[in-house]
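Asker: Following this note's numbering, the numbering of the sequence shown begins with 2 at its first residue and continues without gaps. My structure is below; once you've seen it, I'll send some questions.
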Amino acid sequence: MKEASAAPLPSARSIVKRQQRTATLVSLITALLLMALIGLILAVILMTVNPVGQPSLVSYSGVSEPEQKIKQPKIQTNVQRKPAAPSMAAAKIMAANTESPTSIPVPQIEVEEVSIDIGVGDDFGAGWGDGEGFGNGGGSTFFGQTSTSERLAYVIDYSASMRSQGRDQIMRKELSRSLQKMQNGLQIGMIFFAGPAWVAGDKVKMIKQKEAVVDPPKGKNYKWKTTGGANGWQPDGPKQKAPWWEIGDREVKRLQKIVNETKLVWGTIWHHPIHMALDMDPPPQTIYFMTDGSASGSAKWAQEVGKRAKKMGVIINCVALMHPKAKADLKTIAEMTGGMLTMVDANGKREEIK
């Protein structure tokens, strides 16, 4: 009975071992299959997903050509007006230098040597007219003084004392010449003075040398009165505003007619007309101020108008006509404003005072 019960034991161990081998083999196969499945899935995913690439930007640059410089011919825009002259007057020879694309034979002609002095000497000389100033060139000149300002105001003495020694004739001739040589397009104002001050072209009526009425061509009148003789004139009411005029051929002729026909008036006081010029809107860049005399209190006037003009940046060029006593006051104004002072004698000879 013992032998019969012990015989099955080896068979049980072999069964267990066989089961263990089978389980191990199944696990190994299962793991391999699982890994193969995972690999297959990953391969499918990689094949179906498109890779996102960074786009490349490509630019094309055209061949740049060298810049060609265009040579622009210089155009002479300076205007030289010819005043009316008698039929027997000698014709002036005018020379101009311009650039031409073609060669033109020019006969050799002997001409007078051209002065290199611009606006100085006994007259304006041949040196003025081709110079360049503001904008397209040109400018203005008065008793040998020159300016390239675009806005100019003339403050001119029309007092009765100008009749002495033919001063008013020298003034009228020079002022007409200044207008004749002026560049088209300039803005100018023109103020005359004696006791009262008025805009060029206005009529002045004196009442017993104590009152004056300024009558413009259009608009209301302006009154003046004196409290102390020739040097005590003051505005009696609203102050007159001076306008700006644009220079052109027609305007030049109109102003020249006014310059030559305006009558002289009694009295001498010149700080009011300078203030009138400084009150223009916009203010002038340069003032040409001419007088034939000084007056009581003129030293104070010089400091007053000089200080105001300097603060505004306005240059005042002064001309003393046959009156050395006016030299000190006018020199003060010129020095304070960066202007010039010119003395003119009975023969019309000019001297710049440094």
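Just so it is clear, CB atoms sit at the ideal spot from N, CA and C, and this is done for glycine as well.
Restricting to Cα atoms, I'd like to know which of W267, F144 and M337 is closest to Y159.
Answerer: W267
Asker: Please identify the residue among E353, V345, K254 and I259 whose C-alpha is closest to the C-alpha of Q166.
Answerer: V345
Asker: Whose C-beta lies closer than 7 Å to the C-beta of A296 among residues of the same chain, with five residues either side of it excluded?
Answerer: N232, T269 and I270
Asker: Thinking C-alpha only, which one of K242, L180, I288 and D282 is nearest G249?
Answerer: The alpha carbon of G249 has as its nearest neighbour, out of K242, L180, I288 and D282, the alpha carbon of L180.
Asker: Mind reading off the beta-carbon distance from K204 to E212? Whole number of angstroms is fine, and I expect it under 8 Å.
Answerer: Their Cβ separation, rounded to whole angstroms, is 15 Å, which puts K204 and E212 out of contact at 8 Å.
Asker: Just reading off the alpha helix (DSSP H) that T333 is part of, what are its end residues?
Answerer: K328 to T338
Asker: From the DSSP secondary-structure annotation, give me the bridge partner or partners of Q235.
Answerer: According to DSSP, Q235 bridges with K226.
Asker: Classify G314: buried if its beta carbon has 16 or more other beta carbons within 10 angstroms, exposed otherwise.
Answerer: exposed
Asker: Just to confirm my understanding: we take E352, look at its own chain, exclude 5 residues before and 5 after, and list those with CB closer than 6 Å. What are they?
Answerer: Shown here for E352: same chain residues with a beta carbon closer than 6 Å to its own, the five before and five after excluded, namely M344 in chain order.
Asker: Taking 7 Å as the cut-off, does the CB of Q304 come closer than this to any heavy atom belonging to the ligand GDP?
Answerer: For the ligand GDP, the structure offers nothing, since it holds no ligand at all.
Asker: By Cβ distance, which residues of its chain are closer than 7 Å to A90, with the 5 residues on each side in sequence left out?
Answerer: The predicted model places A90 with a pLDDT of 42, which falls under 50 and marks its position as unreliable; any figure quoted below should be read in that light. So the list is empty, once near-sequence residues are dropped.
Asker: For my contact list, M281 and A154 are in at a C-beta cut-off of 8 Å; report their separation, rounded to the angstrom.
Answerer: 6 Å
Asker: What residues match up with M291 in a beta bridge as DSSP calls it?
Answerer: According to DSSP, M291 bridges with I157 and V320.
Asker: Touch check for the stretch 332 to 341 and the stretch 301 to 310: three-plus C-beta pairs under 8 Å?
Answerer: Judged by Cβ distances under 8 Å, the stretch 332 to 341 makes contact with the stretch 301 to 310, as three or more pairs qualify.
Asker: Please name the residue in V260, M291 and P283 whose C-alpha comes closest to that of G340.
Answerer: M291
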